[in-house]
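Undergrad: Let me begin by handing over the structure; questions about it come next.
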Amino acid sequence: MSVDKVVGSAEDAVADIPDGASLAVGGFGLAGIPWILIEALLDQGATGLTVVSNNCGVDGAGLGLLLESGRIDRVIASYVGENKEFARQYLAGELTVELTPQGTLAERMRAGGAGLGAFFTPTGVGTPVAEGGLPWRYHPDGTVMLASPPKEVRTFHGREMVLEESIVTDVALVRAAVADRAGNCVFHASARNFNPDAAMAGRLTLVEAERLVEVGELGPDEIHLPGVFVQRVVELTPDQASQKDIEKRTTRGDRPDPAPVPAVERSR
Numbered sequence: 001m002s003v004d005k006v007v008g009s010a011e012d013a014v015a016d017i018p019d020g021a022s023l024a025v026g027g028f029g030l031a032g033i034p035w036i037l038i039e040a041l042l043d044q045g046a047t048g049l050t051v052v053s054n055n056c057g058v059d060g061a062g063l064g065l066l067l068e069s070g071r072i073d074r075v076i077a078s079y080v081g082e083n084k085e086f087a088r089q090y091l092a093g094e095l096t097v098e099l100t101p102q103g104t105l106a107e108r109m110r111a112g113g114a115g116l117g118a119f120f121t122p123t124g125v126g127t128p129v130a131e132g133g134l135p136w137r138y139h140p141d142g143t144v145m146l147a148s149p150p151k152e153v154r155t156f157h158g159r160e161m162v163l164e165e166s167i168v169t170d171v172a173l174v175r176a177a178v179a180d181r182a183g184n185c186v187f188h189a190s191a192r193n194f195n196p197d198a199a200m201a202g203r204l205t206l207v208e209a210e211r212l213v214e215v216g217e218l219g220p221d222e223i224h225l226p227g228v229f230v231q232r233v234v235e236l237t238p239d240q241a242s243q244k245d246i247e248k249r250t251t252r253g254d255r256p257d258p259a260p261v262p263a264v265e266r267s268r
């Protein structure tokens with residue numbers, strides 16, 4: 001008989017996350033983020049958190065809620081994005097921020113889940129990413145309190161590469177389009193983004209699923225994330241599953257129509 005990893009609620013899933021925990025969180029901007037698990041963690045009260053995610057949500061949504069509540073102490077991310085509070089806390093010396101190239105961040109999480117200690121990549125060679133000196137945390141007066149250290153650089157196949165350590169976190173928060181009771185997951189289109197990598201990086205991985213199916217309903221070739229990486233599954237209600245805000249809506253009326261292309265150009 002298959003193991004049933006479904007728990008009663010998002011609140012049950014996050015109940016034992018302690019203060020000071022490290023979290024790998026799926027999503028890109030607001031696409032594919034674990035909305036309900038983040039809100040449950042906000043209500044749960046854990047603080048002093050380290051968050052590993054592509055970014056830290058936006059003002060008033062996603063991980064931005066934890067940030068605004070002063071619950072996050074350190075962020076390992078690819079960019080600040082459009083979150084003004086994220087930028088304010090970083091520049092005011094209230095938050096440690098380790099900016100990491102986007103592909104490197106994804107591979108650091110994937111490598112952690114695969115049991116690798118580190119890997120070499122050409123990304124960042126010849127820049128402060130490799131040479132050190134990136135400001136991780138500021139003093140309130142704007143001077144640098146903590147800067148990134150230099151990293152080992154070696155040559156492979158005639159090309160210099162920098163050593164990047166893998167990432168393993170205490171917990172991972174992930175959103176899937178479909179999951180079965182054993183934790184096998186399917187993601188929808190671009191909402192897959194960082195979710196499989198985040199799931200692999202967590203020692204304890206929590207998945208909120210828009211739709212729950214029985215074991216055997218997913219074909220082996222459909223599965224994007226094997227259940228071996230998942231410990232708890234939360235079945236969302238229809239209202240919860242429909243919660244999918246976007247960062248910015250741009251329509252044709254928001255910008256001038258492009259200039260018409262001359263006929264001579266169209267004919268080439």
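First residue of the sequence shown? That's 1 in full-length UniProt numbering, and the numbers climb one at a time after it. Note that beta-carbon positions come from the ideal geometry of N, C-alpha and C, so glycine has one too. All of these numbers come straight from a predicted model, not from anything done at the bench.
May I ask you to report which of helix, strand or coil DSSP gives Asp141?
TA: Against the sequence shown, residue 141 aligns to sequence position 141. It is coil, neither helix nor strand.
Undergrad: What separation, rounded to the nearest whole angstrom, lies between the Cα atoms of Lys84 and Arg252?
TA: Along the sequence shown, read from residue 1 onward, the residue named residue 84 stands at position 84. Along the sequence shown, read from residue 1 onward, the residue named residue 252 stands at position 252. For Lys84 and Arg252, the distance between alpha carbons rounds to 26 Å.
Undergrad: Identify, in the order they occur along the chain, each residue of the same chain with its Cβ nearer than 7 Å to the Cβ of Glu214, setting aside the five sequence neighbours on each side.
TA: The sequence position of residue 214 within the sequence shown is 214, counting from 1. Correct list, in chain order: Asp180 and Arg181.
Undergrad: State yes or no: is the C-beta of Leu30 within less than 9 Å of the C-beta of Ser69?
TA: Counted from its first residue, the sequence shown places residue 30 at position 30. Counted from its first residue, the sequence shown places residue 69 at position 69. Cβ distance not < 9 Å, so Leu30 and Ser69 don't count as in contact.
Undergrad: Starting from Ala40, follow the alpha helix (DSSP H) in both directions and report where the run begins and ends.
TA: Taking the first residue of the sequence shown as 1, we reach residue 40 at position 40. Start and end: Trp35 to Gln44.
Undergrad: So Gly113 is in the alpha helix (DSSP H); what residue range does that whole segment cover?
TA: Stepping through the sequence shown from its first residue, residue 113 is reached at position 113. From DSSP, the alpha helix (DSSP H) with Gly113 extends over Gln102 to Gly113.
Undergrad: What number of angstroms, rounded off, separates the C-alpha of residue 269 from the C-alpha of Asp19?
TA: Residue 269 is absent from the model: the chain starts at 1 and stops at 268.
Undergrad: Taking a contact to mean a Cβ-Cβ separation below 9 Å, would you say residue 275 touches Val230 in this structure?
TA: Because the chain in this structure spans residues 1 to 268, residue 275 falls outside the shown range and cannot be described.
Undergrad: Looking only at its own chain, which residues have a Cβ that is under 6 Å from the Cβ of Gly133, when we skip the five neighbours before and after it?
TA: Position 133 of the sequence shown holds residue 133. Around Gly133: Ala147.
Undergrad: Short of 6 Å in beta carbon distance, which residues of its chain neighbour Val171, apart from the five on each side in sequence? Order them along the chain.
TA: Against the sequence shown, residue 171 aligns to sequence position 171. These residues qualify, in order along the chain: Ile17, Ala21, Leu23, Gly202 and Leu204.
Undergrad: First and last residue of the alpha helix (DSSP H) that includes Ala31?
TA: Numbered from its first residue, the sequence shown carries residue 31 at position 31. Counting along the chain, Ala31 falls outside any alpha helix (DSSP H), and DSSP gives it neither H nor E.
Undergrad: For the structure I just gave you, are there three or more beta carbon pairs, one from the stretch 148-162 and one from the stretch 107-123, closer than 8 Å?
TA: Verdict: yes, contact present.
Undergrad: Can you tell me the Cβ-Cβ gap for Met161 and Val129, rounded? I've got them flagged as a contact below 8 Å.
TA: Position 161 of the sequence shown holds residue 161. Position 129 of the sequence shown holds residue 129. That pair is no contact at about 12 Å.
Undergrad: Give a single yes or no on whether Leu116 has its beta carbon closer than 8 Å to a heavy atom of the ligand NAP.
TA: The ligand NAP is not among the ligands present in this structure, which contains no ligands whatsoever.
Undergrad: Output the distance between the C-alpha atoms of Arg266 and Thr250, rounded to the nearest integer angstrom.
TA: The sequence position of residue 266 within the sequence shown is 266, counting from 1. The sequence position of residue 250 within the sequence shown is 250, counting from 1. Confidence in Arg266 is poor, its pLDDT being 40 and thus under 50, which makes the residue's placement too unreliable to answer from.
Undergrad: State the start and end residues of the unbroken beta strand (DSSP E) segment that holds Gly202.
TA: In the sequence shown, the residue the question calls residue 202 occupies position 202. Unbroken beta strand (DSSP E) run through Gly202: Gly202 to Val213.
Undergrad: Does DSSP put Pro149 in a helix, a strand or coil?
TA: Taking the first residue of the sequence shown as position 1, residue 149 is located at position 149. Residue state, collapsed to three classes: coil.
Undergrad: Suppose you measure from the CA of Asn193 to the CA of Pro226; what does that come to, to the nearest Å?
TA: For the purposes of this step, residue 193 is taken as residue 193 along the sequence shown, with counting starting at 1. For the purposes of this step, residue 226 is taken as residue 226 along the sequence shown, with counting starting at 1. Their Cα atoms are separated by approximately 16 Å.
Undergrad: If you follow the alpha helix (DSSP H) that Val14 is in, where does it begin and where does it stop?
TA: Your numbering for residue 14 matches position 14 in the sequence shown. Counting along the chain, the alpha helix (DSSP H) containing Val14 begins and ends at Ala10 to Val14.
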